[in-house]
């Protein structure tokens, strides 16, 4: 089945040690999003790719970066994770030009120790 | 800037009762979504509402949209324990890339 896959489901990283989260999709959607969701909060958009164009939210910390090497894959890089970066990270995809919904991955739970 | 507000933020109810969750948003939008989230899990899509007056129902949940009032409701009929979860509404932003802006979420607790 076409879907959005996030790896790993759970990630433990050390304070200050770079970490990468991955997202892949088989839907051929042209837009990919990364959301951060902290405990008991709503998902917050970090950035998104519209095709190859990268769009950063104004309040996304510089510590967070992203790469999209091709349509199917998108990565979230956290250069120096702090304790405040512990959260669920959700990848989502959508397709412009149609009334399609958004497809969310299963998320990666990041713990910083 | 598009803002989305839900109320109530927490709802505790007995099984068998009815209740409504409200979602207000600040600027015009052509799409509104409702999601369910269980603890530790990702978002599960419930409804997509595309036009004024749209009403969709699935089981004990019914969602409606009033674009003139910028209001959506999620009505729960005869609640059961399995409906306990956090419910988010999200509004599609006006840009071509369609960013989703989420409400704060409503945590529903249904007591047996």
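Protein chains in written order, with my numbering: chain A, 3 to 115; chain B, 252 to 363.
The C-beta atom is built at its ideal place from N, Cα and C for all residues, glycine as well.
For clarity, every value in this text was computed on a predicted model and none was experimentally measured.
Check                                                                                                                                                                                                          : Outcome
For residue 22 of chain A and residue 79 of chain A, which I take to be in contact (beta-carbon distance under 8 Å), what is that distance rounded to the nearest angstrom?                                    : 5 Å
Buried or exposed: residue 31 of chain A, going by 16 or more other Cβ atoms within 10 Å of its Cβ?                                                                                                            : buried
Once the 5 residues before and after residue 76 of chain A are set aside, which same chain residues still bring their CB inside 6 Å of it?                                                                     : 25, 34 and 70
Go ahead and pull the three-state DSSP assignment for residue 333 of chain B.                                                                                                                                  : helix
Starting from the C-beta of residue 290 of chain B, find all residues in its chain whose C-beta is less than 6 Å away, skip the five residues before and the five after it, and write them out in chain order. : none
Under 8 Å between C-beta atoms, does residue 261 of chain B make it to chain A?                                                                                                                                : no
I'd like the span of the beta strand (DSSP E) that includes residue 317 of chain B, first residue to last.                                                                                                     : 312–317
Quick check on residue 11 of chain A: buried or exposed, where buried means 16 or more other Cβ atoms within 10 Å of its Cβ?                                                                                   : exposed
For the segment 13–28 of chain A, enumerate the residues whose C-beta is nearer than 9 Å to any C-beta of chain B, in chain order.                                                                             : none
Got a sec, what are the start and stop residues for the beta strand (DSSP E) residue 258 of chain B sits in?                                                                                                   : 255–258
Applying the criterion that 16 or more other CB atoms from any shown protein chain within 10 Å of the CB defines a buried residue, is residue 363 of chain B buried or exposed?                                : exposed
When you compare the segment 79–93 of chain A with the segment 35–48 of chain A, are there three or more beta-carbon pairs, one atom per stretch, that lie closer than 8 Å?                                    : yes
Count the other C-beta atoms from every protein chain shown that fall within 10 angstroms of the C-beta of residue 45 of chain A, then say buried if there are 16 or more, exposed otherwise.                  : buried
Just checking: is the beta-carbon of residue 296 of chain B within a distance shorter than 8 Å of some beta-carbon in chain A?                                                                                 : yes
Would you mind sorting residue 83 of chain A into buried or exposed? The rule is 16 or more other CB atoms within 10 Å of its CB.                                                                              : buried
Does any C-beta atom of chain A lie closer than 8 Å to the C-beta of residue 359 of chain B?                                                                                                                   : no
Contact between the segment 57–70 of chain A and the segment 258–271 of chain B is defined here as three or more beta-carbon pairs at a separation below 8 Å; is this criterion met?                           : no
Taking the C-alpha atoms as reference points, what is the distance between residue 306 of chain B and residue 59 of chain A?                                                                                   : 32 Å
Residues in the same chain with beta-carbon distance under 6 Å from residue 313 of chain B, minus the five sequence neighbours each way, listed in chain order, please.                                        : 326
Since residue 284 of chain B meets chain A, which of its residues come closer than 8 Å, beta carbon to beta carbon?                                                                                            : 103 and 104
Residue 340 of chain B to residue 354 of chain B, Cα distance in whole Å?                                                                                                                                      : 6 Å
Helix, strand or coil for residue 47 of chain A per DSSP?                                                                                                                                                      : strand
For residue 64 of chain A, which of helix, strand or coil comes out of DSSP?                                                                                                                                   : coil
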